[in-house]
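Chains as they are written, first to last, in the numbering used here: chain A, 1 to 390; chain B, 391 to 780; chain C, 781 to 1170; chain D, 1171 to 1560.
Virtual Cβ for every residue (Gly too), placed ideally from N, Cα, C.
Number of protein chains: 4
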Amino acid sequence: MRYLTSGESHGPKLITIIEGLPAGMPLLAEDINEELARRQKGHGRGRRMQIETDTVEIGGGIRHGYTLGSPVSLIVENNDWKHWTKIMGQDPLDDAEANDIKRKISRPRPGHADLNGAIKYGHRDMRNVLERSSARETTVRVAAGAVAKKLLALLGIKVASHVVEIGGIKSKVADYESIEKLKEITENSPVRCLDEEAGLEMMKAIDEAKANGDSIGGVVEVIVEGMPIGVGSYVHYDRKLDAKLAAAIMSINAFKGVEIGIGFEAARMPGSEVHDEIIWDKETGYSRRTNRLGGLEGGMTNGMPLVVRGVMKPIPTLYKPLKSVDIDTKEEFTASIERSDSCAVPAASVVAEHAVAWELASAIVDQFYSDRFEGLVANIAEHNRHAREF
Amino acid sequence: MRYLTSGESHGPKLITIIEGLPAGMPLLAEDINEELARRQKGHGRGRRMQIETDTVEIGGGIRHGYTLGSPVSLIVENNDWKHWTKIMGQDPLDDAEANDIKRKISRPRPGHADLNGAIKYGHRDMRNVLERSSARETTVRVAAGAVAKKLLALLGIKVASHVVEIGGIKSKVADYESIEKLKEITENSPVRCLDEEAGLEMMKAIDEAKANGDSIGGVVEVIVEGMPIGVGSYVHYDRKLDAKLAAAIMSINAFKGVEIGIGFEAARMPGSEVHDEIIWDKETGYSRRTNRLGGLEGGMTNGMPLVVRGVMKPIPTLYKPLKSVDIDTKEEFTASIERSDSCAVPAASVVAEHAVAWELASAIVDQFYSDRFEGLVANIAEHNRHAREF
Amino acid sequence: MRYLTSGESHGPKLITIIEGLPAGMPLLAEDINEELARRQKGHGRGRRMQIETDTVEIGGGIRHGYTLGSPVSLIVENNDWKHWTKIMGQDPLDDAEANDIKRKISRPRPGHADLNGAIKYGHRDMRNVLERSSARETTVRVAAGAVAKKLLALLGIKVASHVVEIGGIKSKVADYESIEKLKEITENSPVRCLDEEAGLEMMKAIDEAKANGDSIGGVVEVIVEGMPIGVGSYVHYDRKLDAKLAAAIMSINAFKGVEIGIGFEAARMPGSEVHDEIIWDKETGYSRRTNRLGGLEGGMTNGMPLVVRGVMKPIPTLYKPLKSVDIDTKEEFTASIERSDSCAVPAASVVAEHAVAWELASAIVDQFYSDRFEGLVANIAEHNRHAREF
Amino acid sequence: MRYLTSGESHGPKLITIIEGLPAGMPLLAEDINEELARRQKGHGRGRRMQIETDTVEIGGGIRHGYTLGSPVSLIVENNDWKHWTKIMGQDPLDDAEANDIKRKISRPRPGHADLNGAIKYGHRDMRNVLERSSARETTVRVAAGAVAKKLLALLGIKVASHVVEIGGIKSKVADYESIEKLKEITENSPVRCLDEEAGLEMMKAIDEAKANGDSIGGVVEVIVEGMPIGVGSYVHYDRKLDAKLAAAIMSINAFKGVEIGIGFEAARMPGSEVHDEIIWDKETGYSRRTNRLGGLEGGMTNGMPLVVRGVMKPIPTLYKPLKSVDIDTKEEFTASIERSDSCAVPAASVVAEHAVAWELASAIVDQFYSDRFEGLVANIAEHNRHAREF
């Protein structure tokens, strides 16, 4: 499976084309729209999230509620576009128009792609960079991920996410009854936190940051239950599933770290307390007494829940300004104030969930027979039987 | 650029083929052998490291000290192979021989690929898994990385690594005079630590773990200076350099996390203290007052030193046994004692250095003109001038 | 560079996303629309070509007439879609609706993807196959190719195509004054033939085939002038440019063969008459006295015009019916009559031109520096100087 | 599946690494050596073929006669290497040695990669090019293909090849009793021709060409029986199996054309005579009354035998010299006489067979479940049942 995305933050539309899906898989626009809505929620979001209510239009690849096997295209209109047709238009400008263009950006913001991107691609108007480097693009990454998540769900694989830290405040609740229960709690928390008390503190921290013209980051955790054993591979470094998940998480805007299972804690624990003892049961086959390694050993799933965490830095668009340099005048300035979120961590946890879902669905489709969806279901059932009886 | 590796831990040889190198680049076997030697050092290594002194034989792609542009093959003989020709031989066995084969493994070790790999590939003798999943394979990853490092060095890009934490003991020294000085200190430290005092404590912790039949992990840091601005890209998620580096680090055996710059600390700091202010100077162009983001913004290099860290869990091969299950008898056992390292973190920092070097060299070769090495040098010089004068 | 396409023949829209274009390259919707119009012309086309006048909408990646470096999305609406919303709709059907759906196809047509595609993807209604396997998809392949052709044109590389054979009638004119002159003649020929007399015979043959309820195929030739020397590579089989061109041509619907330069004639000529003697001139550097090898030696361009031919079989949709089997009843039938073209070779020559243009532009972007379009121009100029002075 | 190859014609060794094979597949060195021997035979070969008797050494990936799932490396020593250690050595030369180096090449041969390759990679000694562009590299392409062919054979898929034309002399026999019988005849023909009489004429033509200091080319045909229906895909142009086969054939040294089924004849036949009527039988399912389309419709297998042809131009190394230009002096010369084959078409048919086998095995492994070889066997059996009962 592969996908490409296109679209700028204030351009006409965001589009993704997904190639390699099985045929005969149930898929509705609602499946995707629900996830897009989840991405737009969260305490700490700015005004834009209210402007846009993202929904997909299906351009191809689906008929009467089922995938055709042909590429699926998903289109999200930018409702804002009507106000930007001049600034972001595709037609050439004459000199008068060019001079007149508003919102030209010569002042790069620290922590953004602005300056590096402008140097790389030779853009003197850095709007050319930020329109694409914007987290707006994650809309269609979520759309592609929603298709992946649907595929996983139909195979009995459950994906969820929650926020475990915001602005230094950590969730003290790590356990959850079931993934359904975890979802129920986090979907009702404005910061997607399992720990109600910590959640309230997080919201307070977000509000304080906002009041200070500042922003805060945090840590999100994605949990996946029901993956077959042995997805991924140890035989070549670029086939390891943990490596792919690390890339997926790190590629989300503003993420600076990723860890699996106990992650960085592994540097502080003795080997005897790090590894998960193997147990066996006639009914269910092999499992582990603990899950410190987060469901991944040797670059493969081991049948335990996947636990992947990523850290998002505070959003760089700041009310509290940082020094920078105008690329035209070379004069120092303090980075301009733009409307912004003070914390996007809850939304980012939804994005992370979908980035992970994509990698898992993709790995499954690559590893198993997948032309016909019912064949995929049968192949995985057979594999699970093989694993159970091994 | 791309490469493949082949070889089992006790098989005849380890091989890598590297495709896509520029032609006319100076390259000697010594360039690679030096790095292989660095990989074999470090306090806490077991006996095997003494048995093998790895050197490469060049099978193709190099003539009279220069790359040809054709694929480079590098071969490392396993000196141990002569003792394993029966157990690891390629020819079929008759039934008597098959029954007689020694070192058959039916007892999966927790924390290894043993069990998942066996289920995935259907191996009842788990030697078939561990021979490949072994960290022995990193020998040729280092060999490929050494070629990449040479390319970077010839472009004035310096790569180094050091150990910042072992078994909970953290290096207190973060600053270094220059990358050359950092190398000088860490190459002379048996744990590759900048902080002499912490280094002594780390060695003590390793010895204690060994005495207890236990093992410990740690955190390594790779530092790269001299990368051109704008390597990587923000335009598509799978072209982001930070994502590629995350995958490279996470794909190293036993790594469970990766972070860039301040990494997970970003969850605890306000936005106003996270981002790096942009400054400009007529001579040198743009730079940053600080380097909290570790040289990567928007999925691209920003001209500051790259700072990438990874965490390695304690080596799972334990003298202090863990419970597991024999796959033949389904009986519980405590994981068998094998000769082993009690800490491989210093060596892993060398591997991480090479994994990072590969990704950077590969990104450079992909992004710039690279058929002729001198053309690559000129193209980068031109790009650096463009960046400086932007 | 890479691209994906999506869309069914009677679905809502055809879309392509192109990723990897240089930034700062001039690009207008007209550049693409002109090529789309060329694809719709040609003696022998059926009614559908009149229904649809294809034009692209740009969804992203272009601003004020220039590429941004971000992915470019191009959308072509199917004007016919309004009549097909029920038959090709994306929403699920209830049982009554499902039974009522018109134009369900249980009768596979010989020479189409119908039956194999239905078996592969498990479709009992073969409309699910033919909607995607239809040559309608070449619309967006031409759109992507038009972007590639524009890039080539801006680098002074000229791409043209003409029809050299239809239904056994061969063009007797092989020489052309210049590529501009070739274009002038072929653009004015309803069968895109350089040889006016042969062109008239071809049209007669097409009309006769139509009158007989039959169809005919032919051979198209793509010519490219101005490629730099050394694009492609001999160092690895999958990097050879001739191999990529062969795949590009063969992947066009209904193509069954491809040849370069003298092609299959090479089996009948002695080596002394096949190869092109090398000459040299102080002003222009190396060239060849002849061009039997069609501009490609050792998997690379040699500076001579590229000459690539492909053969298209007669369109399988026939008025003159062939026997087949209904997949539901397993009864024999004679393949159903559908409106159709009796010859699509002239249009296919336009498609071939764009398939070739894509491969060439892609090879150039991969081989040279290409982040900034002006950098690409400079890099190729420098390379051409190097080649001339070699 | 993927593979890389390394090695120069007179370098130490040729190596291939194959990644992505199923585990548990029987594989012996003999399986490969037999095919390497077939590649070295054929009327018209020069002396070198007698010098080298190629055999593989297995460097990894196989144990006790079965694949491990890990990458397989295959090494072929160049027996000639001992005479070339100075000329092709890897160590740098001092000035005296450099001046003294023999067999430096400044005179490019028409029809070779020499000149373009030298310009591309900046080699003033064109030995740096021809050592890699030499057809010697096809040794390891055959080795990789032999592994693929073994995989196919174990799945009941039979691959064979024969020569259908040499130097204008065409085989008049197109029919064969069975693929086994075809093999029996062609393996005993020095020109691998089904038609004994034509074979004798071909040999005469080869001898005459040799006597004249000339060379001749020809057309080879690869036939494959037993492929499952629906391998490849129509859904995206780069997934079409015919496109992949075209690339594979065209990437063989000296090939200038490829066709499938009736190929270029399709330009001369009416649609009513080109397509293959579909028939059905309760026992065997669907098949075709004829096989004009060579087993491929819509970019997929249709269950009929695959018929793929390629044309090889006469070997450019000539006794009968062609004009060229010395790149140092810029003086005209007539291309130097080297020992050479006067016709390599029979050997090329063996190479083509393996190039095709690789693509098919690779497509099968990608499309079906393939971690465990027995799982692949079961998955294909299940698919074949599905196809039969469709």
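| Asked | Found |
| --- | --- |
| In terms of residues, what are the limits of the alpha helix (DSSP H) holding phenylalanine 1543 of chain D? | 1543-1559 |
| Run the CB neighbour count on glutamate 812 of chain B, radius 10 Å, all protein chains shown included, and call it buried at 16 or more, exposed below. | Outside the shown range of chain B, which is 391 to 780, sits residue 812 of chain B, and nothing can be said about it. |
| Out of curiosity, what's the CA-to-CA distance linking glycine 1433 of chain D and glycine 1464 of chain D? | 9 angstroms |
| Identify the contact partners of phenylalanine 373 of chain A in chain B, using a Cβ-Cβ distance below 7 angstroms as the criterion. | What phenylalanine 373 of chain A touches in chain B: nothing, since even the nearest Cβ is about 22 angstroms away. |
| Does the distance from the CB of valine 1520 of chain D to the CB of arginine 1306 of chain D come in under 8 angstroms? | no |
| Whose C-alpha, out of D:Thr1308, D:Val1343, D:Phe1425, D:Asp1536, is nearest the C-alpha of asparagine 1016 of chain C? | The amino acid occupying residue 1016 of chain C in the given sequence is histidine; asparagine does not appear at that position. Checked all of D:Thr1308, D:Val1343, D:Phe1425, D:Asp1536; the closest Cα to histidine 1016 of chain C is D:Thr1308. |
| Would you mind telling me which residues of chain E sit closer than 8 angstroms to serine 73 of chain A, beta carbon to beta carbon, in chain order? | Among the protein chains of the structure shown, namely A, B, C and D, there is no chain E. |
| By how many angstroms is the C-alpha of serine 623 of chain B removed from the C-alpha of aspartate 94 of chain A? | 30 angstroms |
| From what residue to what residue does the alpha helix (DSSP H) around alanine 633 of chain B run? | 631-640 |
| Assuming the contact rule is C-beta atoms closer than 8 angstroms, tryptophan 81 of chain A and glycine 11 of chain A should be a hit. Round their C-beta distance to whole Å, please. | 7 angstroms |
| Please tell me whether valine 581 of chain B and glycine 432 of chain B are closer than 8 angstroms, where the distance is taken between their beta carbons. | yes |
| Residues in its own chain within less than 8 angstroms of proline 872 of chain C by CB, not counting five upstream and five downstream? | none |
| Identify the contact partners of glycine 891 of chain C in chain B, using a Cβ-Cβ distance below 9 angstroms as the criterion. | The contacting residues do not exist; glycine 891 of chain C stays about 38 angstroms from chain B at best. |
| Does DSSP put arginine 819 of chain C in a helix, a strand or coil? | helix |
| If you scan the region 218-301 of chain A from start to end, which runs of the alpha helix (DSSP H) of 4 or more residues do you find wholly inside it? | 241-250, 271-274 |
| Under 8 angstroms between the Cβ atoms of alanine 985 of chain C and glycine 1388 of chain D? | no |
| Indicate whether valine 549 of chain B and leucine 542 of chain B have their beta-carbon atoms separated by less than 8 angstroms. | yes |
| Rounded to whole angstroms, what is the Cα-Cα separation between glutamate 1552 of chain D and valine 222 of chain A? | 36 angstroms |
| When the distance is taken between beta carbons, is alanine 352 of chain A closer than 8 angstroms to isoleucine 249 of chain A? | yes |
| Name the residue from C:Asn1159, C:Lys882, C:Lys1100, C:Arg1069 whose alpha carbon lies nearest to the alpha carbon of proline 1085 of chain C. | C:Arg1069 |
| Kindly indicate which residue of A:Ile260, A:Lys313, A:His386 has the alpha-carbon position closest to the one of valine 356 of chain A. | A:Ile260 |
| Who are the neighbours of asparagine 681 of chain B on chain C, taking C-beta pairs under 7 angstroms? | Under the 7 angstroms cutoff, chain C gives no residues; its nearest Cβ is about 24 angstroms from asparagine 681 of chain B. |
| Classify proline 384 of chain B as helix, strand or coil using the three-state DSSP reduction. | This structure leaves residue 384 of chain B out entirely; chain B is present only between 391 and 780. |
| Using the C-alpha atoms, what's the distance from isoleucine 1550 of chain D back to alanine 243 of chain A? | 31 angstroms |
| May I ask which residues mark the beginning and end of the beta strand (DSSP E) holding histidine 552 of chain B? | 548-556 |
| Going by beta-carbon coordinates alone, are alanine 113 of chain A and methionine 690 of chain B separated by less than 8 angstroms? | yes |
| Would you verify that the beta carbon of serine 460 of chain B is, or is not, closer than 8 angstroms to some beta carbon of chain C? | yes |
| Between the C-alpha atoms of proline 1440 of chain D and glycine 512 of chain B, what's the straight-line distance to the nearest angstrom? | 53 angstroms |
| Alpha carbons only, please: which of D:Asn1472, D:Ile1449, D:Val1481 is nearest the one belonging to glycine 1037 of chain C? | D:Val1481 |
| For phenylalanine 333 of chain A and chain D, any beta-carbon pair shorter than 8 angstroms? | no |
| Can you tell me whether asparagine 1298 of chain D is buried or exposed, with buried defined as 16 or more other CB within 10 angstroms of its CB? | buried |
| Just how far apart, CA to CA, sit glutamate 425 of chain B and cysteine 733 of chain B? | 19 angstroms |
| Between which two residues does the alpha helix (DSSP H) containing lysine 149 of chain A stretch? | 138-154 |
| Give me whichever residues DSSP pairs with threonine 5 of chain A in a beta bridge. | A:Thr16 |
| Quick one, which of A:Ser251, A:Arg239, A:Ile252 has its alpha-carbon nearest isoleucine 642 of chain B's? | A:Arg239 |
| Apart from the five residues just before and just after isoleucine 669 of chain B, which ones in its own chain have a Cβ nearer than 8 angstroms to its Cβ? | Tyr676, Ser677, Arg678, Arg679 |
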